[in-house]
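Peer 1:
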Amino acid sequence: MIMDKEVITCKICKKLICRPVSTHCGHNYCLWCLKEFMRKCIGIKPKCFTCNENISGAYEINKLAESILEHAFPEEYSQRLNEPAIKIEISKYYLWKVSILKTIGTVSVIILPVLSIGLLFKYAKKFPRIFFKLIKIGMKIGTYKSTSFIWQIVWTIMHMIVKYLEATSVLSNITS
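Numbered per this note's numbering, the sequence shown finishes at 177, counting up by one with no gaps.
1) With DSSP as the reference, identify every bridge partner of Val22, one or two as the case may be.
2) Quick check on the DSSP output: the alpha helix (DSSP H) that includes Glu76 runs from which residue to which?
3) From the DSSP output, which residues share a beta bridge with Asn55?
4) Assess contact between the stretch 29-37 and the stretch 7-19, defined as three or more Cβ pairs (one per stretch) separated by less than 8 Å. Is contact present?
5) Given a cut-off of 8 Å, decide if Pro21 and Asn63 are closer than it, judged by their beta-carbon atoms.
6) Pull up the CB-CB distance for Tyr60 and Ser23, whole angstroms please, since I reckon it's below 8 Å.
7) Compute the Euclidean distance between the alpha carbons of Lys48 and Asn55, then round it to the nearest angstrom.
8) Can you tell me which of Lys36, Met39 and Thr51 puts its alpha carbon nearest to the alpha carbon of Lys12?
9) Count the other C-beta atoms from every protein chain shown that fall within 10 angstroms of the C-beta of Arg81, then say buried if there are 16 or more, exposed otherwise.
10) Considering Lys6, what are the terminal residues of the alpha helix (DSSP H) in which it resides?
11) Can you pull the DSSP bridge partners for Leu17?
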């Protein structure tokens, strides 16, 4: 039986799909990987790694796919079942990928995922002047716009600064 490696590989853990669950858009992931991914996406709308569609927590094991994988790859599938649940690390690509587009009034604001909020606070300690200036700017602008709108702008700018610092290798010295 010939199978496309990409179809049987979980896009989250990059291994053979184990206990496959299908999203409403028809893509398959490991049950544990998807559960862990959904758990880490609290506060943002998680997107399918394959097609970028919104995904929800409503999914169940795809018995047909599981049966096919069990019979096509008996040793590898058995080994995957016996592996301890791995801790999923959401890739930096996903952290910085623009995943939510909200419209507030007539102004569209691009909001980055806040999965890295702890990381932002860590860097805020290293670069306090930059972050406090951004907050002051946000407060001044906030006099004529809603507070949530201002914080979205401030968080977006902070994320962009961290991304820039990371790209210029400034942060690699801090994190190591």
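Virtual Cβ for every residue (Gly too), placed ideally from N, Cα, C.
Here the structure is a predicted model, which is why all the values come from computation and not from measurement.
Peer 2: The short version:
1) One-based indexing of the sequence shown puts residue 22 at position 21. Beta-bridge partners of Val22 (DSSP): Tyr30 and Ile62.
2) Position 75 of the sequence shown, counted from the start, is the residue given in the question as residue 76. From DSSP, the alpha helix (DSSP H) with Glu76 extends over Pro75 to Asn83.
3) Locating residue 55 in the sequence shown gives position 54, counting from the first residue. Assignment of beta-bridge partners to Asn55 by DSSP yields Lys48.
4) Flag = yes, the stretch 29-37 and the stretch 7-19 touch.
5) Translated into the one-based positions of the sequence shown, residue 63 becomes position 62. Translated into the one-based positions of the sequence shown, residue 21 becomes position 20. The Cβ atoms of Asn63 and Pro21 lie closer than 8 Å to each other.
6) Position 59 of the sequence shown, counted from the first residue, corresponds to residue 60. Position 22 of the sequence shown, counted from the first residue, corresponds to residue 23. Correct: roughly 7 Å between the Cβ atoms.
7) Your numbering for residue 48 matches position 47 in the sequence shown. Your numbering for residue 55 matches position 54 in the sequence shown. Between Lys48 and Asn55, the C-alpha separation is close to 5 Å.
8) Sequence index remark: in the sequence shown, residue 12 carries index 11 (1-based). Here the closest residue by C-alpha is Thr51.
9) Taking the sequence shown and counting its residues from 1, the one referred to as residue 81 is at position 80. Taking all protein chains in view, the Cβ of Arg81 is crowded by 16 or more other Cβ atoms within 10 Å, so the residue is classified as buried.
10) Numbered from 1 along the sequence shown, position 5 holds the residue referred to as residue 6. Here the alpha helix (DSSP H) through Lys6 covers Lys6 to Ile9.
11) For the purposes of this step, residue 17 is identified with residue 16 of the sequence shown, where counting begins at 1. Paired residue(s): Thr10.
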